[in-house]
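Chains A and B are the protein sequences, given in the same order.
Going by my numbering, the first residue of the first sequence is number 1, and it counts up by one from there.
Going by my numbering, the first residue of the second sequence is number 1001, and it counts up by one from there.
Ideal placement from N, C-alpha and C gives every residue a C-beta, glycine not left out.
Please read all numbers here as calculations on a predicted model, not as lab measurements.
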Amino acid sequence: MRTTMFRALGEPNRLRIVELLRSGPLPVGDIVDQLDRDQPHVSKHLRVLSDSGIVAAQRQGRQRIYRLESEPFTELQEWIDTFERTWNERLDRLGAFLRDSETPET
Amino acid sequence: MLNPLRRPKQLRLERTYPAPIERVWEAWTDPTLLRRWWGPDKTTVTDCEIDLRVGGRLRIVTEAGAEMGRYAGTRWPMTGTFVRIERPEHLVYDATSCTEGDEDGSTIRHTNDVTLRSLGSETVVILLVRITEIGPKAKMASFGMKWGYKAQLDALEEILS
Chain A
1 MRTTMFRALG
11 EPNRLRIVEL
21 LRSGPLPVGD
31 IVDQLDRDQP
41 HVSKHLRVLS
51 DSGIVAAQRQ
61 GRQRIYRLES
71 EPFTELQEWI
81 DTFERTWNER
91 LDRLGAFLRD
101 SETPET
Chain B
1001 MLNPLRRPKQ
1011 LRLERTYPAP
1021 IERVWEAWTD
1031 PTLLRRWWGP
1041 DKTTVTDCEI
1051 DLRVGGRLRI
1061 VTEAGAEMGR
1071 YAGTRWPMTG
1081 TFVRIERPEH
1091 LVYDATSCTE
1101 GDEDGSTIRH
1111 TNDVTLRSLG
1121 SETVVILLVR
1131 ITEIGPKAKM
1141 ASFGMKWGYK
1151 AQLDALEEIL
1161 S
């Protein structure tokens, strides 16, 4: 999951699209305007993001509205939390080590 | 424009240890001592190299023990370079951590800034871990983000209604 996500977001235009969508869902037209890329180009990126489960589209009339999916970001956040927990526990272990290995005063 | 995706995420941890500053410094910079506490639980430090000079390399590999079940044998290397060394008060290094064999899905780059302050027989340790990048070659930095899904869903409903 993360591998797919990292690959999808490793491309600057796709990362930019995700940043745009953070403020809310957008129709394809708006994304095209803001990205300053032609429609086929943007559609290609949106397809990659959609295949990776990062965005989802909803049709409204003739428009396709894109929004971010929460799951991949939640998963990513959980992974980062694990990393943080490791450091927290590490400092606890250092405390235990310093206590246990104390050299008696002579 | 503020770019939250590229805003580094910082973690700040603080502890006070009942040990003089020199001992804490040694525990953090002497490989024979460091490998005894580095952890995490149920893992062993299989490699520990510390070339304690600015530009010097740091490499610590932890390996999951049998007690870790399906993770047994998994290796987590951390490789870094010392950026700042001011014995016994300040240690800064840039590092890359990952799960061996899953570099594409687990690489995380971070800067660790360790400050030691002596309070006589006690020592305060302040650790700042700044996550600068995640993903193997992604330009994507980590994010201290609030994704505001609720707001997004509400906005979507508005658009569709």
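Asked                                                                                                                                                                       : Found
What is the DSSP secondary structure of ALA1027(B), counted as helix, strand or coil?                                                                                       : helix
As a quick exercise: from TRP1038(B), TYR1071(B), SER1106(B), ALA1064(B), pick the residue whose alpha carbon is nearest that of TRP79(A).                                  : SER1106(B)
Per DSSP, ALA1095(B) is paired with what?                                                                                                                                   : GLY1080(B), HIS1110(B)
Quick check on the DSSP output: the beta strand (DSSP E) that includes ALA1064(B) runs from which residue to which?                                                         : 1057 to 1064
Under 7 Å between beta-carbons, which chain B residues line up against GLU89(A)? List them in chain order, please.                                                          : GLY1039, PRO1040
Would you verify that the beta carbon of ARG62(A) is, or is not, closer than 8 Å to some beta carbon of chain B?                                                            : no
Comparing the C-beta of ARG47(A) with each C-beta of chain B, is any distance below 8 Å?                                                                                    : no
Please report the residue range of the alpha helix (DSSP H) in which ASP92(A) lies.                                                                                         : 71 to 100
What is the rounded straight-line gap between the Cα of MET1(A) and the Cα of ARG7(A)?                                                                                      : 10 Å
Just verifying my parser: in three-state terms, what is the DSSP assignment at LYS1139(B)?                                                                                  : Model confidence at LYS1139(B) stands at a pLDDT of 48, short of 50, so the residue's coordinates are unreliable; what they give is reported in the following sentence. Correct three-state label for LYS1139(B): coil.
Roughly how many whole angstroms lie between the Cα atoms of ARG14(A) and PRO72(A)?                                                                                         : 15 Å
What is the rounded straight-line gap between the Cα of ARG1036(B) and the Cα of ARG1023(B)?                                                                                : 14 Å
Tell me whether the beta-carbon of TRP87(A) lies closer than 8 Å to the beta-carbon of LEU1052(B).                                                                          : no
Taking the CB atoms as reference points, tell me whether GLY1065(B) and THR1044(B) lie closer together than 8 Å.                                                            : yes
Looking at THR1081(B): is its Cβ nearer than 8 Å to the Cβ of ARG1057(B)?                                                                                                   : yes
Can you list, in chain order, the residues of its chain with a C-beta nearer than 8 Å to that of GLN39(A)? Leave out the 5 residues immediately preceding and following it. : VAL28, VAL32
Could you please give me the residues that DSSP links to SER23(A) through a beta bridge?                                                                                    : Bridge partners of SER23(A): none, in fact.
Over the uninterrupted alpha helix (DSSP H) stretch that includes VAL28(A), give me the two end residues.                                                                   : 28 to 35
Hey, does LEU98(A) have any beta-carbon neighbour from chain B nearer than 8 Å?                                                                                             : yes
Are there 16 or more other CB atoms within 10 angstroms of the CB of GLY1039(B), so buried, or fewer, so exposed?                                                           : buried
Is THR111(A) close to chain B? Criterion is C-beta to C-beta, closer than 8 Å.                                                                                              : Here chain A covers residues 1 to 106 and nothing more, so residue 111(A) does not appear.
Beta-carbon within less than 6 Å of SER1118(B)'s beta-carbon, same chain only, minus the 5 sequence neighbours each way: which residues are those?                          : ILE1021
Considering Cα atoms alone, identify which of GLY1135(B), LEU1128(B), ASP1102(B) is closest to THR1111(B).                                                                  : LEU1128(B)
Can you list the residues of chain B that LEU94(A) reaches, using a CB-CB cut of under 8 Å?                                                                                 : ARG1015, TYR1017, VAL1024, ALA1027, TRP1028, TRP1037, VAL1125
Suppose you measure from the CA of ARG16(A) to the CA of PRO1018(B); what does that come to, to the nearest Å?                                                              : 49 Å
I'd like to confirm the pairing. Which residues does DSSP put opposite HIS1090(B) in its beta bridges?                                                                      : GLU1086(B), THR1115(B)
At a Cβ threshold of 8 Å, is THR1043(B) touching chain A?                                                                                                                   : no
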